[in-house]
Amino acid sequence: MSFTSLFSIALGAILVENYILVQFLGICPFLGVSKKTDTAFGMSMAVIFVMAVASAVTWLVNNFLLERLGLQFMQTVAFILVIAALVQFVEMFLQKAMPALYQSLGIYLPLITTNCAVLGVALLNVQSGYNFIEAVINGTAAAVGFSLALMLFASIRERLEFAEYPKSFEGFPIALITAALLAISFMGFSGLEVFK
Amino acid sequence: MKETIQQFKNGIWYQNPVLVLLLGMCSTLATTTSVINGLGMGVSTTIVLICSNVVISLLRKVIPNQIRIASYIVIVAGFVSAIDMLLQAFLPDISNSLGIFIPLIVVNCIILARAEAFASKNGPFRSAIDGLSMGIGFTFALFIMSTIREILGNGSFLGIDITFGVYQPALLMIMPVGGFLTLGCVIAAMQKISNRSKEKGGSSK
Amino acid sequence: MNIITSNSRYIVRLTLTLFIITAIVALMLAGVNAVTVDRIAQLELEAKNAAMAEVMPDTTIDESKTIENEDSTVYYAMREGELAGFCVEVAPSGFGGEISMIVGVDMGYKVTGISIISMSETPGLGTRAQEPDFLNQFVGRGDSAPFEVGSSGEGSIDAISAATITSKAVTLGVNTALDAAADAINRGE
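Quick note, the sequences are listed as chains F, C and A, same order.
Mapping to this note's numbering: the first sequence position 64 is 64, numbers consecutive.
Numbering-wise, this note's numbering comes out as the position in the second sequence, counting from 1, plus 1000.
Numbering-wise, this note's numbering comes out as the position in the third sequence, counting from 1, plus 2000.
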């Protein structure tokens, strides 16, 4: 397991196969919490943390429990339970240990359970046959890519408030058109590769 | 009976899960690259929605409040895994082309939202109707989206070529960009229609 | 949030309810799995046979000679008693998991056809690797340099737009198949 292959997994997950703009995973929070940059930042941090830990835990559960016992058909059920428990745990931990951070992240934490990027990364890690380190790197990088898209989008949307557009495009339609333009710019990364 | 009709109206138009409530965006955007995929996703989601609504409604008095979300998710995940395996066994083409988005039905917000907002408060029959009407609304939205995208992006409808050599399909429309663009325009059109009917003082909700 | 403060009997009830629900779901899934597992396996076998017939038409597979390599399986395709070529089964990793595919290689070390049996790539993007526009790039080539996505050299292959990982995976699969076929030829027979 060389450093370069880990680096290319990470770069691929952040830019080339960006979860939001290329893979369509995690669209709900992308549209839901992108009205202001500071809430978007809070959500990003929470997602990075949960996705990194979820990648690690689901990898262990899959390799040491499900595969050993021949229970692959329970994969989805097991993963979503792990994620739900993890989010609950993070919530309780933050509440006790870091109340300030909990205050700012509080409302976004439960939302992460139904963020399909988290379950998506867990399932994709297994399907791609990643080892433990690759899985964690992929999970973290995918979450960083998620945050990158979310932050960019949020800062554009803040400025959008001053723009003029047809009345029927008010609200989500204009946001979706913006997202389309952002997706076009990310298409420029397709084919990008480092260390052949 | 009147209530049932109202439920269907809500599911398909006034509270359309995709176009008005903006739930389940991931599968909406990702699987509407062709009409057959869109319909496959819509029908699979509808089946899961009806089953989970009925079961959750039956169990609503048994499940303690604190663990309700976890219980709902387990029930939904169970149905989704079952559908996944059944599709693989009996409709392998659909299963292949929808790929990872079948297991991801679990985290489709529509299902949890209906479980929490409707099935946990209503009886099994009405919950089933709610699941069916929301599912139809979801499928309807997916059908519109995929029709637009398949015609513009691939020059075909249900896989049948309709360009007659006159029109060069814009590949962009079946790429991620096309998903965002189409959904934006469809919702804008919908808002336009409801704004107009409001101005006329016509039927509001 | 007041789970901690509530009495222990309540906690036991919570745990038990969740456990029973999970157990019932597990039982149901085990049932569905039992019903579908054979059929899924049979469908896969049929798909594999159809794929082999597609890349190596009018041949029969001599099962007794099949070579199992670490990353490929080489089947000997016989036509009228003579060895006509190989069907190589490979499963490179794409974006959404393994891409299971059959590559036909003739005795001149050229690709005769590629058939993708199953993939879990992104619908509409990665799944376009199944289309002839992409796969036909490989057909009839292979005796020179290994294939490479995006290079301008002899083995150049055009990637599918927005699905580079998938394109590379398929290309890797074809290269693996060619190597495996070359090994089989060198073994004699």
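Glycine included, every Cβ here is placed at the ideal spot set by N, Cα and C.
Just so it is clear, the structure is predicted and the values come from calculations on it, not from any experiment.
#1: Quick check on DSSP: helix, strand or coil for A:R2079?
#2: Looking only at its own chain, which residues have a Cβ that is under 6 Å from the Cβ of A:I2040, when we skip the five neighbours before and after it?
#3: Using the rule of at least 16 other Cβ atoms within 10 Å of the residue's Cβ for burial, across every protein chain shown, is A:D2038 buried or exposed?
#4: Closer than 8 Å, Cβ to any Cβ of chain F: which residues of the region 2024-2049 of chain A, in chain order?
#5: Spatial neighbours of A:A2084 within its chain, please: C-beta separation below 6 Å, excluding the five flanking residues on both sides.
#6: Taking C:M1175 as the reference, give the member of F:V47, F:P173, F:F186 and F:E170 with the closest Cα.
#7: By the criterion of Cβ-Cβ separation under 7 Å, what are the contact partners of A:S2093 in chain F?
#8: Please confirm if C:W1013 has its CB atom under 9 Å from at least one CB of chain F.
#9: Have a look at A:M2001 and C:V1043 and give me their C-alpha separation to the nearest angstrom.
#10: Take F:K196 and list the residues in its own chain whose beta-carbon comes closer than 6 Å to its own, dropping the five residues that flank it on each side.
#11: Tell me which residues share the same chain as C:K1061 and place their Cβ nearer than 8 Å to its Cβ, disregarding the 5 neighbours each side in the sequence.
#12: Is A:Y2010 buried or exposed, if buried means 16 or more other CB atoms sit within 10 Å of its CB?
#13: Please name the residue, chosen from A:A2023, A:I2024, A:I2099 and A:G2104, that lies closest to A:N2049 on a Cα-to-Cα basis.
#14: Flag F:V47 as yes if its beta-carbon sits less than 9 Å from any beta-carbon of chain A, otherwise no.
#15: Using the rule of at least 16 other Cβ atoms within 10 Å of the residue's Cβ for burial, across every protein chain shown, is C:T985 buried or exposed?
#16: Looking at C:I1094: is its Cβ nearer than 9 Å to the Cβ of C:G1024?
#17: Would you kindly check if the distance between the Cβ of F:A56 and the Cβ of F:A117 is under 9 Å?
#18: Is the Cβ-Cβ distance between A:V2025 and C:I1075 less than 9 Å?
#19: Kindly list, in the order they appear in chain F, the residues whose Cβ is closer than 8 Å to that of C:I1100.
#20: Straight-line CA distance for C:A1119 to C:I1056?
#21: From which residue to which residue does the alpha helix (DSSP H) around F:G26 run?
#22: From C:K1205 to C:V1018, what distance separates their C-alpha atoms?
#23: Using a Cβ cut-off of 9 Å (strictly closer), state whether A:S2161 contacts chain F.
#24: Do the CB positions of A:E2190 and A:I2160 come within less than 9 Å of each other?
#25: Within the 9 Å Cβ cut-off, does C:L1096 reach chain A?
#26: Going by alpha carbons, who is nearest to C:K1198 out of F:P29, F:A142 and F:S168?
#27: Decide if the region 138-147 of chain F is in contact with the region 13-33 of chain F; the criterion is three or more beta carbon pairs, one per stretch, under 8 Å apart.
#28: Would you mind stating whether F:F73 and A:V2032 have Cβ atoms separated by less than 9 Å?
#29: Closest to F:G139 by CA distance: which of F:L11, F:T76 and F:F3 is it?
#30: Give me the Cα-Cα distance between C:T1163 and C:I1144, rounded to the nearest whole angstrom.
#31: Is the beta carbon of C:F1138 sitting closer than 9 Å to the one on C:T1032?
#32: I'd like to know whether the C-beta atoms of A:Y2075 and A:V2090 end up nearer to each other than 9 Å.
#33: How big is the Cα-Cα spacing for A:E2098 and A:T2166?
#34: Any beta-carbon of chain C closer than 9 Å to the one on A:T2017?
#35: Assign F:K96 to one of three DSSP states: helix, strand, or coil.
#36: From C:F1009 to C:L1086, what does the alpha carbon distance come to, in whole angstroms?
Reading it off the structure:
#1: Counted from its first residue, the third sequence places residue 2079 of chain A at position 79. Correct three-state label for A:R2079: strand.
#2: Numbered from 1 along the third sequence, position 40 holds the residue referred to as residue 2040 of chain A. Contacts found: none.
#3: As a first step, residue 2038 of chain A is located in the third sequence; it is residue number 38 there, counting from the start. Label assigned to A:D2038: exposed.
#4: Correct list: V2025, A2026, L2029, A2030, V2032 and N2033.
#5: As a first step, residue 2084 of chain A is located in the third sequence; it is residue number 84 there, counting from the start. T2059 and A2077, listed in sequence order.
#6: Position 175 of the second sequence, counted from the first residue, corresponds to residue 1175 of chain C. Among F:V47, F:P173, F:F186 and F:E170, the Cα nearest to that of C:M1175 is on F:F186.
#7: Here the question's residue 2093 of chain A lines up with position 93 in the third sequence. Near A:S2093 (Cβ distances below 7 Å), the residues of chain F are S128 and G129.
#8: Mapped onto the second sequence, residue 1013 of chain C falls at position 13. For C:W1013, the answer is no, since every Cβ of chain F falls outside 9 Å of its Cβ.
#9: Taking the first residue of the third sequence as 1, we reach residue 2001 of chain A at position 1. Taking the first residue of the second sequence as 1, we reach residue 1043 of chain C at position 43. Bear in mind that the predicted position of A:M2001 carries a pLDDT of just 47, short of 50, making it unreliable; the figure below should be weighed with that in mind. If I take the Cα positions, the gap works out to 37 Å.
#10: Taking the first sequence and counting its residues from 1, the one referred to as residue 196 of chain F is at position 196. Per-residue confidence for F:K196 stands at a pLDDT of 40, beneath the threshold of 50, marking its modelled position as unreliable; no derived number is given.
#11: Working through the second sequence from its first residue, we reach residue 1061 of chain C at position 61. No residues qualify anywhere along the chain.
#12: Numbered from 1 along the third sequence, position 10 holds the residue referred to as residue 2010 of chain A. So A:Y2010 counts as exposed.
#13: As a working mapping, residue 2049 of chain A is identified with position 49 in the third sequence. Considering only alpha carbons, the answer is A:G2104.
#14: By one-based count along the first sequence, residue 47 of chain F stands at place 47. With 9 Å as the cut-off, F:V47 does not count as an interface residue toward chain A.
#15: Because chain C here runs from 1001 to 1205, residue 985 of chain C falls outside it and cannot be looked at.
#16: Residue 1094 of chain C sits at position 94 when you count from the first residue of the second sequence. Residue 1024 of chain C sits at position 24 when you count from the first residue of the second sequence. The answer is no: Cβ separation not under 9 Å.
#17: In the first sequence, counting from the first residue as 1, residue 117 of chain F sits at position 117. In the first sequence, counting from the first residue as 1, residue 56 of chain F sits at position 56. Not a contact, by the Cβ cut-off of 9 Å.
#18: Position 25 of the third sequence, counting from 1, holds the residue named residue 2025 of chain A. Position 75 of the second sequence, counting from 1, holds the residue named residue 1075 of chain C. Yes; because the gap between Cβ atoms is below 9 Å, this pair is in contact.
#19: As a working note, residue 1100 of chain C is residue 100 in the second sequence. The contacting residues are G120, L123, L124 and Q127.
#20: One-based indexing of the second sequence puts residue 1119 of chain C at position 119. One-based indexing of the second sequence puts residue 1056 of chain C at position 56. Distance between the alpha carbons of C:A1119 and C:I1056 is about 6 Å.
#21: What you label residue 26 of chain F is simply residue 26 of the first sequence in a count that begins at 1. It is not in any alpha helix (DSSP H) - F:G26 carries neither H nor E in the DSSP assignment.
#22: To locate residue 1205 of chain C, count along the second sequence from 1; it is residue 205. To locate residue 1018 of chain C, count along the second sequence from 1; it is residue 18. In this predicted model, C:K1205 has a pLDDT of only 39, less than 50, meaning its place in the structure is not dependable enough to derive any value.
#23: For the purposes of this step, residue 2161 of chain A is identified with residue 161 of the third sequence, where counting begins at 1. For A:S2161, the nearest CB of chain F lies under 9 Å from its own CB, placing it at the interface with that chain.
#24: Chain A is shown from 2001 up to 2189; residue 2190 of chain A falls before or after that span and cannot be answered.
#25: Position 96 of the second sequence, counting from 1, holds the residue named residue 1096 of chain C. In the sequence as presented, Leu is not what sits at residue 1096 of chain C; that position holds Asn. It does: the Cβ of C:N1096 has a partner Cβ on chain A nearer than 9 Å.
#26: Working through the second sequence from its first residue, we reach residue 1198 of chain C at position 198. Measuring from the Cα of C:K1198, the nearest candidate turns out to be F:S168.
#27: yes
#28: Numbered from 1 along the first sequence, position 73 holds the residue referred to as residue 73 of chain F. Numbered from 1 along the third sequence, position 32 holds the residue referred to as residue 2032 of chain A. In this structure, F:F73 sits near A:V2032, with a CB-CB distance shorter than 9 Å.
#29: If you number the first sequence from 1, residue 139 of chain F lands on position 139. That would be F:L11, whose Cα lies nearest to the Cα of F:G139.
#30: As a first step, residue 1163 of chain C is located in the second sequence; it is residue number 163 there, counting from the start. As a first step, residue 1144 of chain C is located in the second sequence; it is residue number 144 there, counting from the start. If you take the alpha carbons of C:T1163 and C:I1144, they lie about 19 Å apart.
#31: Start at 1 with the first residue of the second sequence, and residue 1138 of chain C comes out as number 138. Start at 1 with the first residue of the second sequence, and residue 1032 of chain C comes out as number 32. Not a contact, by the Cβ cut-off of 9 Å.
#32: Sequence index remark: in the third sequence, residue 2075 of chain A carries index 75 (1-based). Sequence index remark: in the third sequence, residue 2090 of chain A carries index 90 (1-based). The answer is no: Cβ separation not under 9 Å.
#33: Position 98 of the third sequence holds residue 2098 of chain A. Position 166 of the third sequence holds residue 2166 of chain A. Between A:E2098 and A:T2166, the C-alpha separation is close to 10 Å.
#34: Locating residue 2017 of chain A in the third sequence gives position 17, counting from the first residue. At least one chain C Cβ lies under 9 Å of A:T2017.
#35: If you number the first sequence from 1, residue 96 of chain F lands on position 96. Here F:K96 sits in helix by DSSP.
#36: Position 9 of the second sequence, counting from 1, holds the residue named residue 1009 of chain C. Position 86 of the second sequence, counting from 1, holds the residue named residue 1086 of chain C. Inspection of the sequence shows that residue 1009 of chain C is occupied by Lys rather than by Phe. Those two C-alpha atoms are separated by around 31 Å.
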